[in-house]
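Chemist:
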Amino acid sequence: MEKMTRRKALRYLLVGGAAVAAVPLLDACQKMTATTSIPETAIAVENSTATPSETSTPLNLPDLAVARNGEPEPLVRAAVNAIGGLQQFIPNGGWVIVKPNICTAYYGYEYAATTNPWVVGTLVKMCFEAGAGKVQVMDYPFGGTPEDAYQVSGIAEQVEQNGGEMVVMSSFKFKKTAIENSLGLDSIYIYEDIFKADTLINVPIAKNHGMSKLTLAMKNLMGLMEYRETVHWNFGKCLTDLAGKIRPTLNVIDAVRILLNNGPTGGNLNDVKKLDTVIVSKDIVAADSYAATLFNFKPDDLDFVRYGAKYGLGRSDLAALNIQEIDLGA
Amino acid sequence: MARETENWSTIRKVVQLVFLLAWLLLWLSTAGLTWGVKVLRLPAEIDPLLALTQAIASRTLTLGMLLSLILVLLTLLVGRVWCGWICPVGTLLDFFPFRLKIGEKPKIPEAWRAGKYLILLVLLLAAVFGNLSLLILDPITLWVRTITGSVAPALNGAFTAVENALAHIPWMSDPLTWLDGVMRPAIFPPQIVGIRFVWLPLLLFTVLILLNLLAERFWCRHLCPLGGMLGLISKLAFFKRRVRSECVSCAKCVRVCPTGTIDPYRGYASDAGECTLCMDCFTSCPESAVELKPGWNLEENMPYNPSRRQLLITGTVALAGLAVIDTNTNKHSGGNFLIRPPGAENDDLLEKCLRCGLCLRSCPTGALQASIAESGWVGVFTPVLVPRLGYCLYTCNNCGSVCPVEAIPPLPLKQKQITVIGHAFIDQNRCIPWADGTTCIVCEEMCPLPDKAIVLEERDSTDSEGNVFTLKLPHVVRERCIGCGICEYKCPRAGDAAIRVYRADM
Numbered sequence: 001m002e003k004m005t006r007r008k009a010l011r012y013l014l015v016g017g018a019a020v021a022a023v024p025l026l027d028a029c030q031k032m033t034a035t036t037s038i039p040e041t042a043i044a045v046e047n048s049t050a051t052p053s054e055t056s057t058p059l060n061l062p063d064l065a066v067a068r069n070g071e072p073e074p075l076v077r078a079a080v081n082a083i084g085g086l087q088q089f090i091p092n093g094g095w096v097i098v099k100p101n102i103c104t105a106y107y108g109y110e111y112a113a114t115t116n117p118w119v120v121g122t123l124v125k126m127c128f129e130a131g132a133g134k135v136q137v138m139d140y141p142f143g144g145t146p147e148d149a150y151q152v153s154g155i156a157e158q159v160e161q162n163g164g165e166m167v168v169m170s171s172f173k174f175k176k177t178a179i180e181n182s183l184g185l186d187s188i189y190i191y192e193d194i195f196k197a198d199t200l201i202n203v204p205i206a207k208n209h210g211m212s213k214l215t216l217a218m219k220n221l222m223g224l225m226e227y228r229e230t231v232h233w234n235f236g237k238c239l240t241d242l243a244g245k246i247r248p249t250l251n252v253i254d255a256v257r258i259l260l261n262n263g264p265t266g267g268n269l270n271d272v273k274k275l276d277t278v279i280v281s282k283d284i285v286a287a288d289s290y291a292a293t294l295f296n297f298k299p300d301d302l303d304f305v306r307y308g309a310k311y312g313l314g315r316s317d318l319a320a321l322n323i324q325e326i327d328l329g330a
Numbered sequence: 331m332a333r334e335t336e337n338w339s340t341i342r343k344v345v346q347l348v349f350l351l352a353w354l355l356l357w358l359s360t361a362g363l364t365w366g367v368k369v370l371r372l373p374a375e376i377d378p379l380l381a382l383t384q385a386i387a388s389r390t391l392t393l394g395m396l397l398s399l400i401l402v403l404l405t406l407l408v409g410r411v412w413c414g415w416i417c418p419v420g421t422l423l424d425f426f427p428f429r430l431k432i433g434e435k436p437k438i439p440e441a442w443r444a445g446k447y448l449i450l451l452v453l454l455l456a457a458v459f460g461n462l463s464l465l466i467l468d469p470i471t472l473w474v475r476t477i478t479g480s481v482a483p484a485l486n487g488a489f490t491a492v493e494n495a496l497a498h499i500p501w502m503s504d505p506l507t508w509l510d511g512v513m514r515p516a517i518f519p520p521q522i523v524g525i526r527f528v529w530l531p532l533l534l535f536t537v538l539i540l541l542n543l544l545a546e547r548f549w550c551r552h553l554c555p556l557g558g559m560l561g562l563i564s565k566l567a568f569f570k571r572r573v574r575s576e577c578v579s580c581a582k583c584v585r586v587c588p589t590g591t592i593d594p595y596r597g598y599a600s601d602a603g604e605c606t607l608c609m610d611c612f613t614s615c616p617e618s619a620v621e622l623k624p625g626w627n628l629e630e631n632m633p634y635n636p637s638r639r640q641l642l643i644t645g646t647v648a649l650a651g652l653a654v655i656d657t658n659t660n661k662h663s664g665g666n667f668l669i670r671p672p673g674a675e676n677d678d679l680l681e682k683c684l685r686c687g688l689c690l691r692s693c694p695t696g697a698l699q700a701s702i703a704e705s706g707w708v709g710v711f712t713p714v715l716v717p718r719l720g721y722c723l724y725t726c727n728n729c730g731s732v733c734p735v736e737a738i739p740p741l742p743l744k745q746k747q748i749t750v751i752g753h754a755f756i757d758q759n760r761c762i763p764w765a766d767g768t769t770c771i772v773c774e775e776m777c778p779l780p781d782k783a784i785v786l787e788e789r790d791s792t793d794s795e796g797n798v799f800t801l802k803l804p805h806v807v808r809e810r811c812i813g814c815g816i817c818e819y820k821c822p823r824a825g826d827a828a829i830r831v832y833r834a835d836m
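Which chain is which? The protein sequence lines are A and B, in order. Residue 1 is where the first sequence starts when you use our numbering, and the numbers rise one by one after that. Residue 331 is where the second sequence starts when you use our numbering, and the numbers rise one by one after that.
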């Protein structure tokens, strides 16, 4: 090996330093091109004048499907197929991200604090049946490590059995994303892969929450952002900003078990009610509106539903929606 | 013959590196308790100084600590082989001999060698009175503390900074994700963990290294209390270094000896209490005149061994020091925020804790930090919970499992989850709903208990635009709160949280 001289060392340092200094430059270039790389689904709220359900639902397919009285897998299959199946959302060999609610590593699924593992597992299976090439499942727990939370919830087992991949979200992938004409959040740090994947399936569990009364599909998107504590000021408006930026392709609300009290963390089986129900809709506001009725709330009782409907994220007028109810027990 | 002895130095260096790697792997896997607590406790359990002083201070014998008898027996056989071959601090000090930098080192008085024996005496005396604070000078605790408290956080910070810088380059995303998966959580924590006083352990260790400027292995010669203890045992060692009559008085061995114990005026003999069995003198001797000779005989008394007068003076000073330290305690002393790990009683912990830092390394959230001010001098570097930096994870009992001496009791998870370690109090002058009149329920949302220890009082309020809305005001239910601190950790108020956990008896 050649001898390292002081002069050589300094030269290497200089080149290395220049490379480091160039990173912000590269970053600037990246930002210039970034605006074009964000997919159409991520348009800001005020640009979407028409509600999604009016423009995108083909004839005769319902805006929302509810399946009741069955095991998780048949429930999910029935409701998803009722709105036309997953093929319409997934390009051949496409990349799907499934986002359940895995909020902590504290309790198993029977406590209804985390999404039912079989609901998630069935969706993973159906994604592959619909031609997906890669299905990733992830959340960003606030209590405990992601690895532990994935295991304790039982979701890791079901996902891996069905060929999906549990992903630990790296903190360097949360990128500052500006929100134009926001209602409260000017910028959010969002997990960048959300914008790169072909399909995002939002799979919350319906449960009680101290601030928003309930945590459903819109609230579940908070797992895709960093520095969430700030959202709690002006919650309804911030959730609308968030759901305007991240537009899930499909929302599947797990109400196999719902949590009536001590949410979102749970831990008390007396607070759990078994409903054996799954709600599916492309319209995130409609899905949340329907789920609210399971807790004897009116959609407008929820701040985020009111703001979401007002600013064009979706519809909360359940009476006017085309809803297909499927009873597997009948 | 010459060839054979030449190899010994090399073999020693290889063994040193292998042990250093082993120490490092043991430390690494302590984070997730990957290798099981029986293995992970070994670094502390092998150390007879920790075992002896801890037994004296707590008046209890911990079974696992009897493993340290292995090291005592090894020392009785061949002397301070621990210091020259195994000790992680000794090995690290060997990396910085400073031989090339300064030709002639200053002459250090031989009498200073007594230092390690006197520090040992103070340690033992203090232990009689239940004070283990000087165990921070034990090499095992120094090692764990320096990498846990300084080296690892610094490396993590550097790694994270590089990750964040490279993450701006589009095509780096996939390789970075792969690298991140390799490094976390195996080596670095998955989430950002804050460590206080990162500079302090490294500063102390740097002093040890810089002392090498005065003399090679200055720390091992003059200060290390474990070295002192093993040195005393070594005086009885079965195998001792002897110089045969082939010696030509070339004095090469005097120059290479890292502890400077080879005395030309005594026929190149050495003191078994000082020799670390590094074998450099074997290697350097042109006549192969150095040997390890078996036989039970007591080492002759050296001029620097502490005299009776020195021992008495040191003992008196130590007792006076202890008296000064311990007289300021009453039931109201101790900081407001002296929150101990689950199940640990403060007085009990002080008498048992080895200051080894294994619990700090095992804490997944960084909630456990080394105490600097919270528990005074007696408790420096003992574990204390700092909720603003991390919360006590509801489903974790790592610290109690890994503690070698049950200073933190090994509570089953179910029991840990109902063990009160502190109490949360809301500062209504700074709490967002109370002070600003706007909604925030983060503390309530985060509370992990099945029946939440934070309840929301609903009150009609008017916002700045004149709309009436329901304001939710958090209250702590004292009987339910266990003091885990996730509320304080997640409180969105900048700076100090508006909800803080105080010690359990408050």
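Note that CB positions come from ideal geometry on N, CA and C, so glycine has one too.
1. Check the Cβ-Cβ distances between T115 (chain A) and every residue of chain B, and say whether any is below 8 Å.
2. Within the same chain, show all residues whose beta-carbon is closer than 6 Å to that of Q758 (chain B), passing over the 5 residues directly before and after it, in chain order.
3. Check the Cβ of M776 (chain B) against every Cβ in chain A and list those closer than 8 Å, keeping chain order.
4. Whole angstroms is fine: what's the gap from Y109 (chain A)'s alpha carbon to T115 (chain A)'s?
5. Between the Cα of G815 (chain B) and the Cα atoms of B:I438, B:L723 and B:V785, which residue gives the shortest distance?
6. Kindly say whether V20 (chain A), judged by its beta-carbon, lies nearer than 8 Å to any beta-carbon of chain B.
7. Let me check one thing: in DSSP terms, what residues is H805 (chain B) bridge-paired to?
8. Under the assumption that E493 (chain B) contacts F172 (chain A) (Cβ atoms under 8 Å), give the Cβ distance between them as a whole number of angstroms.
9. Would the stretch 663 to 683 of chain B count as touching the stretch 703 to 717 of chain B if we require 3 or more Cβ pairs under 8 Å?
10. Let me check understanding here. Comparing Cα to Cα, which of B:G558, B:D610 and B:R551 lies closest to R571 (chain B)?
11. Among B:W508, B:K582, B:T383 and B:P588, whose alpha-carbon lies nearest the alpha-carbon of P427 (chain B)?
12. Alpha carbon to alpha carbon, how far is D593 (chain B) from S637 (chain B)?
13. Please list, in chain order, the chain B residues whose beta carbon lies closer than 7 Å to that of Y106 (chain A).
14. Does the CB of V168 (chain A) have a neighbour CB from chain B at under 8 Å?
15. Against chain B, does T36 (chain A) count as a neighbour if the rule is that its beta carbon must be under 8 Å from one of theirs?
16. Could you tell me the distance, in whole angstroms, from the CA atom of K237 (chain A) to the CA atom of E71 (chain A)?
17. Just how far apart, CA to CA, sit W412 (chain B) and L403 (chain B)?
18. Which one of B:I400, B:L393, B:L422 and B:K368 has the shortest CA to CA distance from I539 (chain B)?
19. Determine, using beta carbons only, whether G558 (chain B) and I449 (chain B) come nearer to each other than 8 Å.
20. With 16 as the cutoff for other CB atoms within 10 Å, does R639 (chain B) come out buried or exposed?
21. Beta-carbon within less than 6 Å of V66 (chain A)'s beta-carbon, same chain only, minus the 5 sequence neighbours each way: which residues are those?
22. Between L506 (chain B) and chain A, is there a C-beta pair that is closer than 8 Å?
23. If the cut is a Cβ gap below 8 Å, which residues of chain B does K237 (chain A) touch?
24. When the distance is taken between beta carbons, is Q136 (chain A) closer than 8 Å to I102 (chain A)?
25. Closer than 9 Å, Cβ to any Cβ of chain B: which residues of the stretch 161 to 185 of chain A, in chain order?
26. Could you check whether the Cβ of M166 (chain A) sits closer than 7 Å to any heavy atom belonging to the ligand SAH?
27. Go through its chain and collect everything with a Cβ distance to A50 (chain A)'s Cβ below 7 Å, but skip five positions before and after it.
28. Straight-line CA distance for Y819 (chain B) to N270 (chain A)?
29. Compile a chain-ordered list of the residues in the stretch 210 to 231 of chain A whose CB is closer than 8 Å to at least one CB of chain B.
30. Assuming C583 (chain B) contacts C615 (chain B) (C-beta within less than 8 Å), just tell me the rounded distance between them.
31. Can you find the residues in the same chain that come closer than 8 Å, C-beta to C-beta, to T405 (chain B), ignoring five residues on each side of it along the sequence?
32. Taking only beta-carbon positions, decide if A42 (chain A) is within less than 8 Å of chain B.
33. Could you check how far apart the C-beta atoms of N728 (chain B) and L741 (chain B) are, in whole angstroms? I think they sit under 8 Å.
34. K820 (chain B) CB to nearest chain A CB: under 8 Å?
35. Please tell me whether P146 (chain A) has its Cβ less than 8 Å away from any Cβ of chain B.
36. Do L221 (chain A) and I246 (chain A) have their CB atoms nearer than 8 Å?
Modeler: Looking at the atomic coordinates:
1. Judged by the 8 Å Cβ criterion, T115 (chain A) is not in contact with chain B.
2. Correct list, in chain order: W764.
3. Here the neighbours are F142, G143 and T265.
4. Separation of Y109 (chain A) and T115 (chain A) (C-alpha to C-alpha, rounded to the nearest whole angstrom) is 7 Å.
5. Shortest Cα-Cα distance from G815 (chain B) to any of B:I438, B:L723 and B:V785 involves B:L723.
6. Yes, contact with chain B.
7. B:V785.
8. Yes, E493 (chain B) and F172 (chain A) are in contact; Cβ-Cβ is about 5 Å, under 8 Å.
9. Output reads yes: the stretch 703 to 717 of chain B touches the stretch 663 to 683 of chain B.
10. Among B:G558, B:D610 and B:R551, the Cα nearest to that of R571 (chain B) belongs to B:D610.
11. That would be B:P588, whose Cα lies nearest to the Cα of P427 (chain B).
12. Take the alpha-carbon of D593 (chain B) and the one of S637 (chain B): they are about 21 Å apart.
13. Simply Y724, T725 and P778.
14. So, interface residue.
15. Unreliable placement is indicated for T36 (chain A), whose pLDDT of 40 sits below 50; the coordinate value is still reported in the next sentence. Not closer than 8 Å to any Cβ of chain B, the Cβ of T36 (chain A) fails to qualify, so no.
16. Each residue's alpha carbon lies about 36 Å from the other.
17. Roughly 11 Å separates the two Cα atoms.
18. When only C-alpha atoms are compared, the closest one is B:L422.
19. In this structure, I449 (chain B) lies closer than 8 Å to G558 (chain B) by Cβ.
20. When all chains shown are included, R639 (chain B) counts as exposed.
21. Only residues of its own chain outside the window of five on either side were considered, and among them I279 and E325 have a CB closer than 6 Å to the CB of V66 (chain A), listed in chain order.
22. Among the residues facing chain A, L506 (chain B) is included, as its CB has a counterpart in that chain under 8 Å away.
23. For the C-beta of K237 (chain A), not a single chain B residue is nearer than 8 Å; the gap to the nearest is close to 11 Å.
24. Going by beta carbons, I102 (chain A) and Q136 (chain A) fall outside the 8 Å limit.
25. Listed by position along the chain: V167, V168, S170, S171, F172, K173 and K175.
26. Looking at this structure, you won't find the ligand SAH or any other ligand, since it has none at all.
27. Note that A50 (chain A) has pLDDT 40, beneath the 50 cutoff, so the model's placement of it is unreliable and no number is given.
28. Each residue's Cα considered, the two are about 28 Å apart.
29. Here the close residues are G210, M211, E229 and T230.
30. Their Cβ separation, rounded to whole angstroms, is 6 Å, which keeps C583 (chain B) and C615 (chain B) in contact under 8 Å.
31. Only V411, W412, L560, I563, S564 and A567 meet the Cβ criterion.
32. Any reading at A42 (chain A) is ruled out, since the residue's pLDDT is 39, under 50, leaving its predicted position unreliable.
33. That pair is no contact at about 11 Å.
34. Cβ-Cβ to chain A under 8 Å: yes for K820 (chain B).
35. So, interface residue.
36. With a cutoff of 8 Å on beta-carbon distance, L221 (chain A) and I246 (chain A) are scored as near each other.
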